[in-house]
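Here's the structure, in structure tokens; my notes come after.
Number of protein chains: 2
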Amino acid sequence: MHSKLLDYIRQHATLPLSSDEEGLIVAAFQPKKLRKKQYFLEEGNVCKYVGFIVKGAMRQYSVDDKGAEHIVHLYIENYWVSDRESAVMLTPSKYNIDTWEDTELLIAKVADMLDLIERVPSFGQMTRLMDQRSFIVSQRRLNSTISNTAEKRYEEFADNHPQFIQRFPQHLIASFLGITKETLSRIRKQAIK
Amino acid sequence: MHSKLLDYIRQHATLPLSSDEEGLIVAAFQPKKLRKKQYFLEEGNVCKYVGFIVKGAMRQYSVDDKGAEHIVHLYIENYWVSDRESAVMLTPSKYNIDTWEDTELLIAKVADMLDLIERVPSFGQMTRLMDQRSFIVSQRRLNSTISNTAEKRYEEFADNHPQFIQRFPQHLIASFLGITKETLSRIRKQAIK
DNA sequence: CTAAAGCGTTGATAAATATCAACGCTTTTT
DNA sequence: AAAAAGCGTTGATATTTATCAACGCTTTAG
């Protein structure tokens, strides 16, 4: 069960991983299964866990004054899931995170993660890389959002993330892109011609 | 000249900073002055330097097919400036970074930064915190962009970043928010009433 | 000192996108 | 098996935002 996580760490660090270190990691991460639609984190709570998705699909979203959901993240296998803002700042989360499919996770307490970062150099390396990548991805998305039309944003997204298109329904993709489901439907209709 | 940087590091790390370590940091960072409108990084080049702004104001922007500029970042004193995507991935940058005012920087080679991260624990701590914060800020901005109207985005921005409003002209703020300068002008007119 | 460029504003119009309502089809629940 | 909920689509319309053009005012450059 933990082997997927250990593989992932090895692939994202240059430093080696001793078997002692592997033990520390395995000890910190517990398997957790969530059925479709179950919450990993609810708005208002402080995010105390970080999860690594072994199998499944999840989403992170905010709910505005009118009750409309806005998808801020979609996650599938090999993604790290948490509300970083809440976990780092120890503030109540503005987001909900739940499962879109039955999902198998490996979860660790945020505090234990910090411990591993100090104790296991390759783990620290991996998380640093993750932090940087998250920022880069977020920047690209932001740049795309302020620079492009809805149509271009969808095309870019579909090109770069075909897995998500297959896995999540259109209305979630639309919300992720910051447009309505009707607009996305029309964009797709255009694209075919 | 370097004291502002050393202070900054101390404030953003829990670990102490020995005088040996201070020496390493000072050695890695060279002062650099840029006159208004000079480039720190030009599109197409790999970002080889990271800068810490001691005094001044800068911007990072992309230029689309039609020659329109889209501001992705505004920077002032105590901000770190670089194209992270280019620096981390070692790919040609899609952005320009230039000065909006005469600016004093402390710059270090990306490679030397990586060295410091390994050698000086508190420096590593500080950069990790910066990475996390950058991501959080980027996430907030993204969430605001997909959830709110232009008007709310401007209000939020003006509330949270009054320094930027004072320091940069409206058309740059507009571009930063992903709207045209005319629209921002009209939003501001409404707001007064 | 004068010309040019930069900046913010306004008006008229066009384009993009949202909203509201309704419909068929499929999947899930009872 | 029937009812309900979820999903994508379409049409009519409203709203938001962009575009284009012009103008005064200020700052910068020659």
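So the protein sequences, as listed, match chains A and B. Here the first sequence stands for residues 1 to 193, where the numbers follow my numbering. Here the second sequence stands for residues 194 to 386, where the numbers follow my numbering. Backbone N, C-alpha and C define an ideal beta-carbon position, used for all residues, glycine too. It should be emphasised that the depicted structure is a prediction, and the values quoted were computed from it without experimental measurement.
If we cut at 9 Å on Cβ distances, does residue i have a partner in chain B?
{"i": "A:Arg-59", "result": "no"}
{"i": "A:Val-46", "result": "no"}
{"i": "A:His-70", "result": "yes"}
{"i": "A:Lys-181", "result": "no"}
{"i": "A:Glu-156", "result": "no"}
{"i": "A:Ser-18", "result": "no"}
{"i": "A:Ser-138", "result": "yes"}
{"i": "A:Lys-94", "result": "yes"}
{"i": "A:Arg-119", "result": "no"}
{"i": "A:Asp-64", "result": "yes"}
{"i": "A:Asp-112", "result": "no"}
Could you spell out where the alpha helix (DSSP H) holding residue i opens and where it closes?
{"i": "A:Ile-76", "result": "Element bounds for A:Ile-76: n/a, residue is neither H nor E."}
{"i": "B:Thr-296", "result": "Careful: B:Thr-296 lies outside any alpha helix (DSSP H), inside the beta strand (DSSP E) at 296 to 302."}
{"i": "A:Ser-62", "result": "Taken as a continuous stretch (DSSP letters only), A:Ser-62 belongs to no alpha helix (DSSP H), being part of the beta strand (DSSP E) at 58 to 63."}
{"i": "A:Lys-152", "result": "150 to 160"}
{"i": "B:Ile-202", "result": "196 to 204"}
{"i": "B:Val-281", "result": "277 to 282"}
{"i": "A:Leu-177", "result": "170 to 177"}
Is there at least one Cβ from chain A nearer than 9 Å to residue i's Cβ?
{"i": "B:Lys-230", "result": "no"}
{"i": "B:Lys-386", "result": "Here the model assigns B:Lys-386 a pLDDT of 49, short of 50, so the residue's position is not dependable, and the following value carries that caveat. For B:Lys-386, the answer is no, since every Cβ of chain A falls outside 9 Å of its Cβ."}
{"i": "B:Leu-370", "result": "yes"}
{"i": "B:Ser-327", "result": "yes"}
{"i": "B:Met-277", "result": "The residue you asked about is not Met; residue 277 of chain B is Arg in the sequence shown. Taking Cβ atoms only, chain A reaches closer than 9 Å to B:Arg-277, which makes this a yes."}
{"i": "B:Lys-302", "result": "no"}
{"i": "B:Ile-339", "result": "yes"}
{"i": "B:Leu-335", "result": "yes"}
{"i": "B:Val-243", "result": "no"}
{"i": "B:Met-282", "result": "yes"}
At which residues does the beta strand (DSSP E) containing residue i begin and terminate?
{"i": "B:Leu-234", "result": "232 to 234"}
{"i": "B:Pro-224", "result": "223 to 227"}
{"i": "B:Thr-149", "result": "This structure cannot speak to residue 149 of chain B, because chain B is shown only from 194 to 386."}
{"i": "A:Asp-98", "result": "96 to 99"}
{"i": "A:Lys-55", "result": "49 to 55"}
Can you give me the C-alpha to C-alpha distance between residue i and residue j, rounded to a whole angstrom?
{"i": "A:Glu-101", "j": "B:Met-282", "result": "33 Å"}
{"i": "A:Ile-169", "j": "B:Thr-338", "result": "Checking the sequence shown, residue 169 of chain A turns out to be Pro, not Ile. Roughly 22 Å separates the two Cα atoms."}
{"i": "A:Glu-77", "j": "A:Arg-167", "result": "11 Å"}
{"i": "A:Leu-5", "j": "A:Pro-162", "result": "23 Å"}
{"i": "A:Leu-106", "j": "B:Thr-320", "result": "27 Å"}
{"i": "B:His-364", "j": "B:Arg-381", "result": "12 Å"}
{"i": "A:Tyr-95", "j": "B:Gln-325", "result": "17 Å"}
{"i": "A:Met-1", "j": "A:Leu-116", "result": "19 Å"}
{"i": "B:Arg-379", "j": "B:Glu-349", "result": "16 Å"}
{"i": "B:Phe-245", "j": "B:Val-303", "result": "12 Å"}
{"i": "B:Thr-376", "j": "B:Ala-261", "result": "16 Å"}
{"i": "A:Ser-19", "j": "A:Leu-34", "result": "29 Å"}
{"i": "B:Ile-290", "j": "B:Ser-275", "result": "8 Å"}
{"i": "B:Trp-273", "j": "A:Gln-190", "result": "43 Å"}
{"i": "B:Lys-345", "j": "A:Ile-25", "result": "44 Å"}
{"i": "B:Tyr-232", "j": "B:Ser-340", "result": "34 Å"}
{"i": "A:Phe-123", "j": "A:Gly-56", "result": "23 Å"}
{"i": "A:Phe-29", "j": "A:Val-54", "result": "12 Å"}
Does the Cβ of residue i have 16 or more other Cβ atoms within 10 Å, making it buried, or fewer, making it exposed?
{"i": "B:Asn-353", "result": "exposed"}
{"i": "B:Gln-253", "result": "buried"}
{"i": "B:Lys-386", "result": "Residue confidence is low: B:Lys-386 scores 49 on pLDDT, short of 50, so the model does not pin down where it sits. Its coordinate-derived value is still stated next. Exposed, because fewer than 16 other Cβ atoms sit within 10 Å of the Cβ of B:Lys-386."}
{"i": "B:Ile-329", "result": "buried"}
{"i": "B:Ala-301", "result": "buried"}
{"i": "A:Gly-44", "result": "exposed"}
{"i": "A:Met-58", "result": "buried"}
{"i": "A:Ala-13", "result": "buried"}
{"i": "B:Thr-292", "result": "buried"}
{"i": "A:Glu-42", "result": "exposed"}
{"i": "A:Glu-85", "result": "buried"}
{"i": "B:Ser-196", "result": "exposed"}
{"i": "A:Tyr-49", "result": "buried"}
{"i": "B:Gly-216", "result": "exposed"}
{"i": "B:Ala-220", "result": "exposed"}
{"i": "B:Glu-214", "result": "buried"}
Can you round the beta-carbon distance between residue i and residue j to whole angstroms, since I take them to be within the 8 Å contact cut?
{"i": "B:Arg-333", "j": "A:Leu-142", "result": "No, B:Arg-333 and A:Leu-142 are not in contact; Cβ-Cβ is about 10 Å, not under 8 Å."}
{"i": "B:Pro-224", "j": "B:Glu-297", "result": "7 Å"}
{"i": "A:Thr-91", "j": "A:Val-46", "result": "7 Å"}
{"i": "A:Phe-164", "j": "A:Ile-71", "result": "Contact flag wrong, Cβ pair sits at about 11 Å."}
{"i": "B:Ile-372", "j": "B:Ala-343", "result": "5 Å"}
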